[in-house]
Amino acid sequence: MAKVPLSAAETWGMVIGRDGVRVRTRRSWAVLAAQEADCLCCAATPSPTPPREMTLRLALVQMTVTDGAPDENVARAAALVTAAPPADVYLLPELFTTGYAHDTWADAARGAARTLDALQQLADARDAWIGGSFVAATADGGIANRMHLLSPRGASPSSALVTYDKAHLFPPMGEPERLVAGTTRVRTRVGRGDAAADAALSICFDLRFPEHYRRDAADGATLFLCVAEWPHPRGETLRLLARARAAENQAWLALCNRVGAAADGSTFPGGSCIVAPDGTVVADARDAADVVLIADVDVNVALRARAAFPVLPLRVPGVDV
1 MAKVPLSAAE
11 TWGMVIGRDG
21 VRVRTRRSWA
31 VLAAQEADCL
41 CCAATPSPTP
51 PREMTLRLAL
61 VQMTVTDGAP
71 DENVARAAAL
81 VTAAPPADVY
91 LLPELFTTGY
101 AHDTWADAAR
111 GAARTLDALQ
121 QLADARDAWI
131 GGSFVAATAD
141 GGIANRMHLL
151 SPRGASPSSA
161 LVTYDKAHLF
171 PPMGEPERLV
181 AGTTRVRTRV
191 GRGDAAADAA
201 LSICFDLRFP
211 EHYRRDAADG
221 ATLFLCVAEW
231 PHPRGETLRL
241 LARARAAENQ
251 AWLALCNRVG
261 AAADGSTFPG
271 GSCIVAPDGT
281 VVADARDAAD
291 VVLIADVDVN
301 VALRARAAFP
311 VLPLRVPGVD
321 V
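Numbering (UniProt numbering), first residue to last: 1 to 321.
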């Protein structure tokens, strides 16, 4: 694999694949700081490049999925994560172990513990948080589309596994009749020290429900982690919603979507991206298959944006959520 500079000042977004490294977006921290100042209507001097320990490195694993083949897909995900540069958080797509192969969900849910073991080993080996969704059994014997976020052992605060069950089930993909909807929003801390972020978890169709994100932001979330299996022909809508959720809540948003074709002929556009608190896409995987998009983010940008241009405190009780 070719070596590339990892300084945020030199390379903002990198796409790393099996064929080497392709830089999709070059963007300096000075440029981001200047745009931040513009969008906040203030004349603040652009801040210098923050040191690495002050930034959170996000890695989005935009991968193809072999429908109904958990072992193969877990191996593919592990290979991509292992080959990528070090990061603080790696995100995998929604239902990355099976796709929408409904007839395999029951067996996959029973085998979820094996997938969790593999991901925990990966989190420990990379000393990073790893998240993605796959089907899992519920306490009442049903099946949930569950996002799992695993932290490396020894991380502080210690929270080995955080889960979120998809609340908004998607009718066109047959979710409501096969899955149990979640009823709880989930937030957690990711990262270490001054670079740690208050992160809220979400899955795909949740993006169409802004109240979900607004409540998380009002509770303190500064980073949205969203995994998706969002199909064509609505790729542009996916990006529009991701940018809107980030901008309206003045929060970072990391979106990891599936790419490639499914067994039934449906296709997925990729488009995994990192969105800044002003709604700007600052790193973009486009339609590349089996790649890892890397970006360093300063989580304090969200806090500075909210302090300079307060929006959340202006919500009207009885009118706004």
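All residues carry an ideal CB built from backbone N, CA and C; glycine is no exception.
Use the C-beta contact count for residue i: other C-beta atoms within 10 angstroms, 16 or more gives buried, fewer gives exposed.
i, result
"P233", "exposed"
"R208", "exposed"
"L293", "buried"
"F309", "exposed"
"A79", "exposed"
"R243", "buried"
"T163", "buried"
"D216", "buried"
"L314", "exposed"
"P317", "exposed"
"V311", "exposed"
Given this structure, state the Cα-to-Cα distance separating residue i from residue j, to the nearest angstrom.
i, j, result
"D103", "P176", "15 Å"
"A123", "Y213", "27 Å"
"G270", "F205", "15 Å"
"L201", "R114", "22 Å"
"P172", "A83", "35 Å"
"P210", "N249", "9 Å"
"G141", "T98", "19 Å"
"C39", "A251", "Any answer about C39 is weak, because its pLDDT of 36 lies below 50 and its placement is not dependable; what the coordinates show is given next. Their Cα atoms are separated by approximately 14 Å."
"F96", "S133", "7 Å"
"V186", "L56", "20 Å"
"G203", "W230", "Reading off the sequence shown, one finds Ile at residue 203, where the question assumed Gly. In a straight line, the C-alpha of I203 is about 10 Å away from that of W230."
"D296", "D198", "16 Å"
"Y90", "T188", "15 Å"
"L149", "G131", "4 Å"
Below 8 Å on the Cβ atoms is my guess for residue i versus residue j; work out the distance and round it to an integer in Å.
i, j, result
"A228", "L179", "Going by Cβ atoms, the distance from A228 to L179 rounds to 16 Å, so no, they are not a contact pair."
Alpha helix (DSSP H) runs contained entirely in the stretch 97-167, provided each spans 4 or more residues: 105-110 and 112-126
Length-filtered (4 minimum) alpha helix (DSSP H) runs lying within the stretch 166-240: 210-218
Contact between the stretch 300-312 and the stretch 72-84 (3+ Cβ pairs under 8 Å): no
The stretch 58-67 / the stretch 253-270 touching (three or more Cβ pairs under 8 Å): yes
Inter-stretch contact at 8 Å, needing at least 3 Cβ pairs: the stretch 268-282 / the stretch 145-157: no
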